[in-house]
Amino acid sequence: MGYCHCYTQLKSVPDAQWLLFTVQLSNVFLIIQNRHVPGYKQLLVLCTSDGRYPLLQPAELIVQSGIRQPAISFNGEEKEDLEYESFFLGQHSSGSEFCKTSFNWSPDRPYDFMVKATLLLAHRFCIGCYAISSDGTLAEWLDVQEWLTKHLGGQWPIPEAILNNPE
Numbered sequence: 000m001g002y003c004h005c006y007t008q009l010k011s012v013p014d015a016q017w018l019l020f021t022v023q024l025s026n027v028f029l030i031i032q033n034r035h036v037p038g039y040k041q042l043l044v045l046c047t048s049d050g051r052y053p054l055l056q057p058a059e060l061i062v063q064s065g066i067r068q069p070a071i072s073f074n075g076e077e078k079e080d081l082e083y084e085s086f087f088l089g090q091h092s093s094g095s096e097f098c099k100t101s102f103n104w105s106p107d108r109p110y111d112f113m114v115k116a117t118l119l120l121a122h123r124f125c126i127g128c129y130a131i132s133s134d135g136t137l138a139e140w141l142d143v144q145e146w147l148t149k150h151l152g153g154q155w156p157i158p159e160a161i162l163n164n165p166e
């Protein structure tokens, strides 16, 4: 059984905040691409949004979306059946329409670790831009938080909606 991580984009991310966010996301990519991450059996291989082509460098996480805005986009590896839904997080709000994406977790899909790491990075560096929630367990978010602290330093607050989620 899986669970969902959701976000709604509340407003556009200012350029300075987006830059800080994407620099730290690049650091995470460099540390974890093609490696094991806590809680997952398979190597984490981030791929293009269709899951077909492994990303080779951090800049490939950032794409230009159809509405000509920078966005983060990735998926798991299709050939290993480790892909699921493409993760997409845009810099600019699309106006009154909120962006919402959900992901189902499986211990066989390690890209979920990167989904949670990306959402924690967004929560820290893009304050007030995204409302993030999850019906996953707090313990799984704490694992990612601990990993970020160990590898990047600093504090990585968990969104209120996740902290207040009854397990």
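For the sequence shown, numbering that gives the first Met the number 0 begins at 0 and goes up steadily by one.
In this text, a Cβ means the ideal position worked out from N, Cα and C, and glycines have one as well.
Source: prediction; values computed, not measured.
Going residue by residue through the region 21 to 85, where are the continuous beta strand (DSSP E) segments of at least 3 residues, counting only ones entirely within it?
Entirely contained in the region 21 to 85, the beta strand (DSSP E) runs reaching 3 residues are, in chain order, 61 to 63 and 69 to 73.
Give a yes or no on whether the C-beta atoms belonging to Gly50 and Gly75 are separated by under 8 Å.
Yes, they are a contact pair.
Reducing DSSP to helix, strand and coil, say where Thr7 ends up.
Looking at Thr7 - three-state DSSP - the assignment turns out to be strand.
Using the Cα positions of Val143 and Phe112, report the straight-line distance between them to the nearest angstrom.
Using only the alpha carbons, I get a separation of about 7 Å.
Using a Cβ-Cβ cut-off of 8 Å (strictly less than) and excluding sequence neighbours within five positions of Thr148, which residues of its own chain qualify?
Only Gln154 and Trp155 meet the Cβ criterion.
Using the rule of at least 16 other Cβ atoms within 10 Å of the residue's Cβ for burial, across every protein chain shown, is His4 buried or exposed?
Looking at its Cβ environment, which holds 16 or more other Cβ atoms inside 10 Å, His4 is buried.
Compare the beta carbon distance of Ser48 and Ser85 with 8 Å and say whether it is the shorter of the two.
Cβ distance < 8 Å, so Ser48 and Ser85 count as in contact.
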